[in-house]
Each structure stands twice: as structure tokens, then as C-alpha cells.
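When you line the sequence shown up against my numbering, it's residues 59 to 385, in that order.
Structure first, then comments.
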Amino acid sequence: MAESLPTAFLMHPSAVLHDTGWGHPEHQGRLRAIASALKADLVALHGKVVQVEPEAGSKEDVALVHEGALIETVREAVDQAREWGQPAAIDADTRVSGASWEAALGTVGAGLEAVHGVVAGRYRSAFVAARPPGHHATPGRAMGFCLFNNIATAAARLRDRGEAERVLIVDWDVHHGNGTQDCFYEDPDVFFLSLHQYPHYPGTGAADETGRGRGEGFTLNVPLSPRTPRQDYLRVFGMALETAVSRSEPDFILVSSGFDVLAGDPLGGQLLEPGDLHRTTRMVMEAADRCCGGRVVVFLEGGYDPQRTGAGCVAVIRALAGVSMDV
Numbered sequence: 059m060a061e062s063l064p065t066a067f068l069m070h071p072s073a074v075l076h077d078t079g080w081g082h083p084e085h086q087g088r089l090r091a092i093a094s095a096l097k098a099d100l101v102a103l104h105g106k107v108v109q110v111e112p113e114a115g116s117k118e119d120v121a122l123v124h125e126g127a128l129i130e131t132v133r134e135a136v137d138q139a140r141e142w143g144q145p146a147a148i149d150a151d152t153r154v155s156g157a158s159w160e161a162a163l164g165t166v167g168a169g170l171e172a173v174h175g176v177v178a179g180r181y182r183s184a185f186v187a188a189r190p191p192g193h194h195a196t197p198g199r200a201m202g203f204c205l206f207n208n209i210a211t212a213a214a215r216l217r218d219r220g221e222a223e224r225v226l227i228v229d230w231d232v233h234h235g236n237g238t239q240d241c242f243y244e245d246p247d248v249f250f251l252s253l254h255q256y257p258h259y260p261g262t263g264a265a266d267e268t269g270r271g272r273g274e275g276f277t278l279n280v281p282l283s284p285r286t287p288r289q290d291y292l293r294v295f296g297m298a299l300e301t302a303v304s305r306s307e308p309d310f311i312l313v314s315s316g317f318d319v320l321a322g323d324p325l326g327g328q329l330l331e332p333g334d335l336h337r338t339t340r341m342v343m344e345a346a347d348r349c350c351g352g353r354v355v356v357f358l359e360g361g362y363d364p365q366r367t368g369a370g371c372v373a374v375i376r377a378l379a380g381v382s383m384d385v
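Written out as C-alpha cells, the structure is:
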């Protein structure tokens, strides 16, 4: 039955209004490139992918994983940007505009609709065009272009609503998802698996970072050298995924998909092609079919060559929808 359901593509309309400035790597053109690539692939995706316009999330949703002080810091920076009429900096990398509050809560809401819709049987799987991205946002700090941690909020809400007892988060962004790791480092019910270039920003993600307290053993970091051969990456990914699934026995799998892992990305150093991400997504889907009824939601994270990011998104969405790369 699940195979007859559509894959949802979710993007809150406010996400495109988050304005960091065109000179910033995480600029408005990223979502435009994704939308253009999907439009060009409509024939292959017809009847298999449905576009969903979600409602915004709330401060209460964000507070599931973030401290009140961070939420207020973001809100104050947005108010400042609105007053100035130009982007304001939270740190050297992370900027907001007058529309960023609505974009951030809208993107959180997109993630929540995605996971709840999969649980409710409205969607087979889902892709969240998350902007601003989220996996660097820690409980108390916005950083690395990220304001609120979209994937962590979704995992926390799944558990809060009793829709999942154990969640596996898989992160293949070229940068380590330090924020997601921090959110669940002592939590045995959320397993965090990250494959990332190392050493690289933000400097975390060593192999000996495995969790703390009750969460010991429920974080698996796989540091990779720059320019790791594609076949080596896929082999290591498959082994790490099987280990994570075996240890976590998840009810739901969430993916932080950073397209900066593709060859040619200006902030990365890896060699993957869009077809490789189709394969990694299929690996995740096959694992989910075995352990959690196929429940998978993918979140956009990095990816700073807009054209390559668009091609990568098409590959991942095709995999989610059960469409091969040959169609």
C-alpha cells in the first residue's frame, strides 16, 4: 500500500524570503535552482510526487530542542534586520533578514508536516526543502548558516507525540552535523550517524565522539578524507548504515542531505555524483522497509553550487519516489 502513496515535496513559501545576501553561500538562489530542476523532471515524477504547502511551526516546537535564550537571540536579530532594511549577522557566517523568522518557523513546520504526514499515511516518504538549514544549530547557538535545527525538532516532536520511540538520523552533509549531535548526545532513543569530511568545519565529528551517559554508543561518526573515492564512500556508507540500524532498531529514519558532498561544491571536497545520492537514498529506503515500515523523511542541508544541488535533489527525490535514474 505504501508504494501507491505519493512522495511529498514540502517547502514553506517564506523559505525563499530568507535573505542572506547574494554574496553569501547560502543564498536565495538555492531553492530557485531546486524548483527549476524539479520542474524539468516533471515527466519522470508525474503521479509520484506531490507538492505540499505546510503551515508554520511555533516557538513551542522549536523549544523542544532549543533554549529560550537562543530563540530570543534569533528573534532580536531578525527585528534588527527588519529595522535596518538589510541582513544582520548573528556570527561571522550566519545572517538573517527581516523575513527570516517566518522562514525559520515555516521550515520547522514543513518538517513537522512531513513526518506527521508519513506517520498518518498521507505520504510514502517526504523531502523537505529546508531553508534556512539546521544541522549546525545547537540547543543554545545558531551557527553555520543555521538558525533552528529542523531535523532535531522533527525527531523530538515524533517522540513527544508518541509517533516513534526510536529515531535514526543519518547525516551525509560534507560538514559534521554538530548541532544535531549535541541535541541528542546523551539520548539513547535518537541514534545519530554522520559521514563527513574531516578535518573540516566545524571541527567536530571525530570517531571517538560516540555519546555520553545513557547515550554512549548511540552516536556514530565516520570521518572521511577529502576526495574519498566514490566507491569507497558508498561502501563505507553501507556498512555504517547497517551498523546504525542494527544498534538503534528505529521506528523512523530522518536524513540530513547536504549536497555539498557532491563533486565541485565550493565548500566541500568530495567526489560524489547525483547518482550516488540516489543510491545512498535507496539504501536508506531499503533499510527502512526492513525496520520501520519504510518511514523516511529527507531534509535539505548544505549544497552551494545551485545547479549541482538541484540535480542532487532530483536524484534523492527520484529515489524516495521509487523512480530510477534511467527513466
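The beta-carbon is built from N, C-alpha and C at its ideal position, and this holds for glycine as well.
Discussion item. Distance check for Glu359 and Gly202, CA to CA, integer angstroms please.
Written reply: 11 Å
Fill in: Extent of the continuous beta strand (DSSP E) to which Val313 belongs
Phe310 to Ser315
Worksheet item: What are the partner residues of Asp229, as DSSP defines its beta bridges?
Response: Ser252 and Ser314
Worksheet item: Which value, in whole angstroms, describes the spacing of the CA atoms of Trp142 and Arg153?
Response: 13 Å
Item to complete: Out of Ala212, Asp137, Pro197 and Ser158, point me to the one whose CA is closest to Ala172's CA.
Response: Ala212
Worksheet item: Does any heavy atom of the ligand GTP sit closer than 8 Å to the C-beta of Glu84?
Response: Looking at this structure, you won't find the ligand GTP or any other ligand, since it has none at all.
Worksheet item: If we ignore side chains and look at the alpha-carbon of each, how far apart do Val176 and Ser183 end up?
Response: 6 Å
Practice prompt. Return helix, strand or coil for Gln144, following the three-state DSSP convention.
Written response: coil
Worksheet item: Among Gly361, Cys204 and Thr196, which one has its Cα closest to the Cα of Ser158?
Response: Cys204
Discussion item. Here's a check: name, in chain order, each residue in its chain whose Cβ is nearer than 6 Å to the Cβ of Phe249, leaving out the five neighbours to either side.
Written reply: Leu226, Phe276, Ala302 and Ser306
Worksheet item: Does the beta-carbon of Ala222 have 16 or more other beta-carbons within 10 angstroms, so that it is buried, or is it exposed?
Response: buried
Discussion item. Just list the residues that DSSP pairs Arg153 with in beta bridges.
Written reply: Ala147
Practice prompt. Drop a sphere of 10 angstroms on the beta-carbon of Gly380, count the other beta-carbons inside from all chains shown, and report buried for 16 or more, exposed for fewer.
Written response: exposed
Practice prompt. Pull up the DSSP beta-bridge partners for Gln109, would you.
Written response: Phe67
Practice prompt. State the beta-bridge partners of Asp183 as determined by DSSP.
Written response: One point to set straight first is that residue 183 is Ser, not Asp, in the sequence displayed. Per DSSP, Thr65.
Worksheet item: By Cβ distance, which residues of its chain are closer than 7 Å to Arg340, with the 5 residues on each side in sequence left out?
Response: Ala377
Discussion item. On the criterion of 16 or more Cβ atoms from any shown chain inside 10 Å, does Leu253 qualify as buried, or is it exposed?
Written reply: buried
Worksheet entry | Beta-carbon proximity check, Leu251 vs Leu278, cutoff 9 Å | yes
Discussion item. Please identify the residue among Arg90, Thr338, Val166 and Phe310 whose C-alpha is closest to the C-alpha of Cys350.
Written reply: Phe310
Practice prompt. Mind checking which residues open and close the beta strand (DSSP E) that includes Pro281?
Written response: Thr277 to Leu282
Worksheet entry | Residue environment, Leu100, which counts as buried when at least 16 other CB atoms sit within 10 Å | exposed
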